Amino acid sequence: MTHPADADHSTLVLTEVRGHVAVLTLNRMHARNAIDSGLSTALGEALAQAAGDPAVRAIVITGQGSVFSSGADLKALSKGLIAQSVHSPEHPEWDLAGVVRQWCDKPLVAAVNGAALGGGLEITLACDLVVASDAAVFGLPEVRWGLFAAAGGAVRLHHLIGMRRALELVLTGTPITATQALEWGLVNRVVPPTDVLDAAMSMANLVSSNAPRAVRAAKRAVHQAATDGSVWGEDWRAHTDWAVSSSITAATFPSDEGREGMQAFAEKRDPRWAD
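Each residue of the sequence shown is one higher than the one before, starting from 227 at the first, in our numbering.
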């Protein structure tokens with residue numbers, strides 16, 4: 227059933243500009259801020275607008291309610307192709323949430339107010355700085371449903387926390403606490419739940435107090451040096467990391483396992499895997 231809040235995708239992300247900082251809030255609480263095509267469109271458009279606003283120097287992304295994002299909406303995904311169900315129809319190149327492949331030269335700060343699972347974690351991986359609630363958890367549960375972390379989890383995570391730890395998250399599907407995420411280098415700060423947005427704003431304001439052009443140039447230099455340009459670029463389709471991810475996605479999501487996993491999720495039961 228379509229929720230009334232999804233009828234107009236512009237309501238799915240709340241936008242507020244505070245000084246030189248734009249705050250983008252995921253607002254699909256009835257679905258634990260799960261990402262469907264409407265949310266991808268709304269967040270992608272809000273990010274593009276903030277990126278093009280000369281008064282904005284930093285951007286904070288957070289979630290409404292007690293969850294940052296539970297990831298891709300598997301109920302929506304089980305009913306259609308990825309591009310139709312969880313990507314923006316107008317901008318499929320932005321990929322999941324309208325963020326994970328949309329380059330923004332202004333610093334992005336994730337204010338993780340609660341669970342960041344699957345695509346929720348992949349949104350944080352697309353951000354530059356992360357402040358987390360001490361009640362937050364981070365995980366990539368896709369393999370539990372016959373899928374894999376196709377929106378950056380498989381190609382970005384190891385750059386931040388190393389291959390062994392990345393494989394632990396990607397292959398087990400087991401979440402980690404905010405404290406463990408801090409120890410692993412996945413987040414920058416862990417604070418009480420009531421302080422998450424204030425702490426993220428403090429970090430964003432500190433960034434925005436610096437020279438805007440120098441900050442944007444520094445961000446680009448760090449990203450290109452850290453990843454050899456393989457996960458951000460003018461034409462992401464040509465980059466090896468995303469090409470590998472896309473080919474595995476094409477083989478995994480429509481497979482018998484993928485269909486069974488998504489159907490099991492929609493029916494709230496354990497998947498039944500073939501031998």
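Idealized CB from N, CA, C, for every residue including glycine.
The structure displayed is predicted, hence computed values, not measured ones.
Can you tell me the Cβ-Cβ gap for residue i and residue j, rounded? I've got them flagged as a contact below 8 Å.
i: glycine 372; j: proline 480; result: That belief does not hold up - the Cβ atoms of glycine 372 and proline 480 are roughly 11 Å apart, past 8 Å.
i: leucine 397; j: valine 369; result: 7 Å
i: leucine 395; j: glycine 365; result: 6 Å
i: glycine 289; j: isoleucine 261; result: Contact doesn't hold; Cβ gap of about 11 Å is too wide.
i: threonine 237; j: asparagine 259; result: In fact, because the Cβ distance is near 13 Å, the residues do not count as touching under 8 Å.
i: glycine 270; j: histidine 317; result: 6 Å
i: histidine 246; j: serine 434; result: 4 Å
i: valine 239; j: alanine 274; result: Contact doesn't hold; Cβ gap of about 12 Å is too wide.
i: glycine 399; j: proline 367; result: 4 Å
i: threonine 405; j: aspartate 331; result: Contact doesn't hold; Cβ gap of about 32 Å is too wide.
Check for me: the beta strand (DSSP E) holding residue i runs from which residue to which?
i: alanine 336; result: 334 to 338
i: arginine 415; result: 415 to 417
i: arginine 244; result: 239 to 244
i: glycine 479; result: As written in the sequence, residue 479 is phenylalanine, which differs from the glycine given in the question. No beta strand (DSSP E) contains phenylalanine 479, which DSSP labels as neither H nor E.
i: valine 325; result: Here valine 325 belongs to no beta strand (DSSP E), and DSSP marks it neither H nor E.
i: valine 396; result: Element bounds for valine 396: not the beta strand (DSSP E) but the alpha helix (DSSP H), 389 to 398.
i: glycine 365; result: 363 to 365
Given residue i, which residues of its chain have a CB within under 7 Å of its CB, disregarding the five upstream and five downstream residues?
i: alanine 500; result: Asp482
i: alanine 452; result: His385
i: glycine 484; result: Gly372, Leu373 and Thr478
i: glycine 345; result: Ile261, Ser295, Gly297, Ala298, Leu322, Ala323 and Ala377
i: cysteine 353; result: Ile287, Leu334, Val335 and Ala336
i: arginine 442; result: Asp331 and Lys332
i: serine 314; result: Ser263, Ser266, Thr267, Gly270, Trp320 and Gly324
i: leucine 343; result: Ser296, Gly297, Gly365, Pro367 and Pro401
i: alanine 392; result: Leu383 and His384
i: threonine 403; result: Val363
i: lysine 305; result: Ser311
Please list the terminal residues of the continuous alpha helix (DSSP H) segment that includes residue i.
i: serine 428; result: 422 to 434
i: leucine 250; result: Element bounds for leucine 250: not the alpha helix (DSSP H) but the beta strand (DSSP E), 247 to 252.
i: valine 357; result: No alpha helix (DSSP H) holds valine 357; the beta strand (DSSP E) holding it covers 355 to 359.
i: leucine 351; result: 345 to 351
i: leucine 373; result: Run containing leucine 373: none; DSSP gives neither H nor E here.
i: tryptophan 320; result: Here tryptophan 320 belongs to no alpha helix (DSSP H), and DSSP marks it neither H nor E.
i: leucine 408; result: 404 to 410
Leaving out the 5 sequence neighbours to the left and right, which residues in its chain are closer than 6 Å to residue i when beta-carbon positions are compared?
i: phenylalanine 491; result: Leu300 and Trp371
i: valine 413; result: Val356, Ala358 and Ala407
i: tryptophan 248; result: The sequence given here places alanine at residue 248; tryptophan does not occur at that position. Excluding positions up to five away in sequence, the list reads Ala276, Val282 and Ile285.
i: glycine 340; result: Ser292, Val293, Phe294 and Ala362
i: alanine 426; result: Val286, Val335, Ala337 and Val357
i: methionine 389; result: none
i: proline 438; result: Arg283
i: methionine 255; result: Gln290 and Gly291
i: leucine 351; result: Gly378 and Arg382
Go through its chain and collect everything with a Cβ distance to residue i's Cβ below 8 Å, but skip five positions before and after it.
i: leucine 507; result: Look at the range of the chain in this structure, 227 to 501, and you will see that residue 507 is not part of it.
i: asparagine 431; result: Gly245, His246, Val247 and Ala284
i: proline 230; result: Caution is warranted here: a pLDDT of 40 is assigned to proline 230, below 50, making its placement in the model unreliable, and the coordinate value is therefore given only provisionally. Nothing meets the Cβ criterion.
i: leucine 423; result: Val249, Val286, Thr288, Ala337 and Asn339
i: lysine 494; result: none
Quick one: is the Cβ of residue i within less than 7 Å of any heavy atom of the ligand FMN?
i: proline 438; result: Only the bare structure without any ligand can be found here, which leaves the ligand FMN out of the picture.
Specify whether the region 374 to 386 and the region 413 to 429 touch according to this definition: at least 3 beta carbon pairs, one from each stretch, less than 8 Å apart.
Judged by Cβ distances under 8 Å, the region 374 to 386 makes no contact with the region 413 to 429, as fewer than three pairs qualify.
Q. Unbroken beta strand (DSSP E) runs of length 3 or more, entirely within the region 270 to 311: which are they?
A. 284 to 289 and 293 to 295
* Asked: Taking contact to mean at least 3 C-beta pairs separated by less than 8 Å, is the region 258 to 266 in contact with the region 443 to 450?
  -> Counting C-beta pairs with one atom in each stretch, the region 258 to 266 and the region 443 to 450 have fewer than three that are closer than 8 Å, which means they do not touch.
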